[in-house]
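Numbering (the numbering used here), first residue to last: 5 to 435.
Single-structure report; data block below.
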């Protein structure tokens with residue numbers, strides 16, 4: 005009788021624990037699963053260019069005191085770079101001798117960055133939460149004065165352009181339309197000083213940016229916008245759902261207005277402005293990281309107002325993008341698109357269960373890669389995959405001189421890494 009009671013009690017404890025665990029792990033309401041996604045084979049243009057692991061064989065590491073970082077920004081002297089560290093410091097690194105120093109402490113975790121073309125002593129940074137951490141300051145666009153080391157907020161709120169739900173998720177105007185929407189001119193352009201609680205929300209995830217050559221326009225990517233949006237572990241759920249929560253904003257430095265350029269995109273991340281021969285803005289290249297795609301927003305011409313898919317079914321997750329002196333585009337594929345991920349997106353009914361698993365317990369690939377594209381993004385010029393033995397999580401590929409500097413977003417990273425451009429191009433040359 006006593007044993008029977010103990011068995012019943014143990015069973016009750018197990019049931020209560022299971023129910024409690026199920027309730028506790030329920031995904032937040034803003035994690036809504038997107039449509040089925042069927043990936044095809046990796047484009048043959050990439051497989052034909054696939055080189056050996058030149059990062060493992062010819063990679064170089066310096067300034068090993070540097071932590072994981074999301075951005076490497078070359079300074080005009082050609083000798084130094086700024087690095088946006090996961091420790092929330094902006095580091096200054098001398099590429100000639102490998103020395104480094106902490107330059108400025110960020111108000112939030114720093115992500116993408118660009119130098120002000122009209123003021124080389126000023127740098128614009130995107131700031132985002134990292135790994136569910138709490139911050140006193142809001143994420144958004146900030147500017148750093150290199151002389152004083154002080155940050156000033158520029159855009160931390162954006163106009164509400166869709167349906168802002170009680171849980172904080174803003175539903176796009178075309179939420180039922182499986183298609184990106186481009187606004188020319190930007191939708192609901194509003195002066196930053198006029199943005200308040202009644203007509204705006206926090207720019208929840210300022211991820212990357214690019215600045216026009218004249219310094220007038222700053223384009224900002226926002227991969228998703230719920231109130232707990234963050235990079236790192238905070239982005240895993242969005243990578244599972246593949247929801248169309250991505251947006252691109254434009255800030256006008258003259259009028260100090262911000263408005264919506266693109267919505268209904270999946271995880272808008274890396275961004276590059278495109279120009280015609282006269283220097284006019286013609287398009288925006290956008291990496292859809294967890295969707296393994298690169299697309300183009302047409303700002304002018306016959307396709308103005310359209311979103312064009314350029315590259316689909318990439319072998320990895322495209323993150324940051326940059327150009328070298330010849331205009332070639334270099335893309336960091338932060339992680340491999342694994343067979344498990346591909347299968348899960350084909351079977352979205354599993355996703356509500358996967359969302360209950362803590363992000364740090366989910367399997368993650370060690371593979372990472374570098375993709376090179378022609379200046380118009382129409383051709384693959386290089387591709388090299390790395391097994392993770394030297395570095396993990398290449399978030400952006402930054403050309404400096406004759407080398408490609410590889411930003412590692414891995415939390416336990418040590419140092420800044422590089423590989424010769426010649427080695428990547430040479431290894432990728434078809435026989």
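All residues carry an ideal CB built from backbone N, CA and C; glycine is no exception.
Out of the options, which one is the CA nearest neighbour of residue i?
i	options	result
residue 131	125, 114, 138	114
residue 88	312, 351, 138, 413	413
residue 162	426, 174, 169	174
residue 74	284, 159, 213, 166	213
residue 313	381, 78, 136	381
residue 316	42, 121, 34, 31	42
residue 171	196, 233, 112	233
residue 71	54, 93, 291, 348	93
residue 269	57, 344, 292	292
residue 112	141, 105, 120	141
residue 56	389, 283, 409	389
residue 166	203, 235, 325	203
residue 425	399, 346, 358, 330	330
residue 307	185, 238, 29	185
residue 134	110, 122, 121, 124	110
residue 37	91, 29, 107, 357	357
residue 416	147, 247, 90, 326	90
residue 97	256, 66, 427	66
residue 138	260, 231, 406	231
residue 47	122, 318, 411, 353	318
residue 33	296, 45, 169	169
residue 198	348, 164, 310, 39	164
residue 346	146, 122, 296, 53	296
So the beta strand (DSSP E) residue i belongs to, where does it begin and stop?
i	result
residue 370	Residue 370 -> no beta strand (DSSP E), and no H or E assigned at all.
residue 298	297-302
residue 322	320-327
residue 278	272-279
residue 162	161-163
residue 129	123-132
residue 382	Unbroken run through residue 382: none, as it is neither H nor E.
residue 409	407-412
residue 264	261-269
residue 107	104-109
residue 192	185-195
residue 223	221-226
residue 252	250-256
residue 98	93-98
residue 337	333-340
residue 206	204-206
residue 76	73-78
Which first and last residues belong to the alpha helix (DSSP H) in which residue i is found?
i	result
residue 49	48-51
residue 346	343-350
residue 356	355-358
residue 233	Taken as a continuous stretch (DSSP letters only), residue 233 belongs to no alpha helix (DSSP H), as it is neither H nor E.
residue 243	240-245
residue 59	58-62
Are the beta-carbon atoms belonging to residue i and residue j less than 8 Å from one another?
i	j	result
residue 63	residue 350	no
residue 376	residue 332	yes
residue 237	residue 363	yes
residue 524	residue 196	In the structure as shown, the chain begins at 5 and stops at 435. Residue 524 is therefore absent and cannot be evaluated.
residue 252	residue 298	no
residue 409	residue 399	no
residue 430	residue 373	no
residue 397	residue 338	yes
residue 136	residue 117	no
residue 188	residue 288	no
residue 261	residue 193	yes
residue 76	residue 282	no
residue 379	residue 40	no
So residue i packs on residue j, CB below 8 Å; how close in whole Å?
i	j	result
residue 286	residue 355	Between residue 355 and residue 286 the Cβ distance is about 37 Å, and since that is not below 8 Å, they are no contact.
residue 335	residue 401	6 Å
residue 360	residue 31	7 Å
residue 404	residue 80	Not really, about 12 Å apart at Cβ, beyond 8 Å.
residue 344	residue 322	Incorrect: roughly 19 Å between the Cβ atoms, too far for contact.
residue 371	residue 391	6 Å
residue 157	residue 144	6 Å
residue 250	residue 272	4 Å
residue 340	residue 369	4 Å
residue 427	residue 85	At roughly 20 Å, the Cβ-Cβ gap does not stay under 8 Å, so residue 427 and residue 85 are not in contact.
residue 209	residue 228	6 Å
residue 148	residue 108	6 Å
residue 95	residue 83	Wrong, their Cβ atoms sit about 15 Å apart, outside the cutoff.
#### Entry: Segment contact, 8 Å Cβ cut-off, at least three pairs: the segment 169-188 with the segment 143-155
no
### Message
Quick check: the segment 90-107 against the segment 379-393, are at least 3 beta-carbon pairs closer than 8 Å?
### Response
no
### Message
Can you confirm whether the segment 209-226 touches the segment 265-274 when touching is taken to mean that 3 or more C-beta pairs between the two stretches lie within less than 8 Å?
### Response
yes
### Message
Closer than 8 Å is the cut-off here; do at least three beta carbon pairs connect the segment 200-218 with the segment 277-292?
### Response
yes
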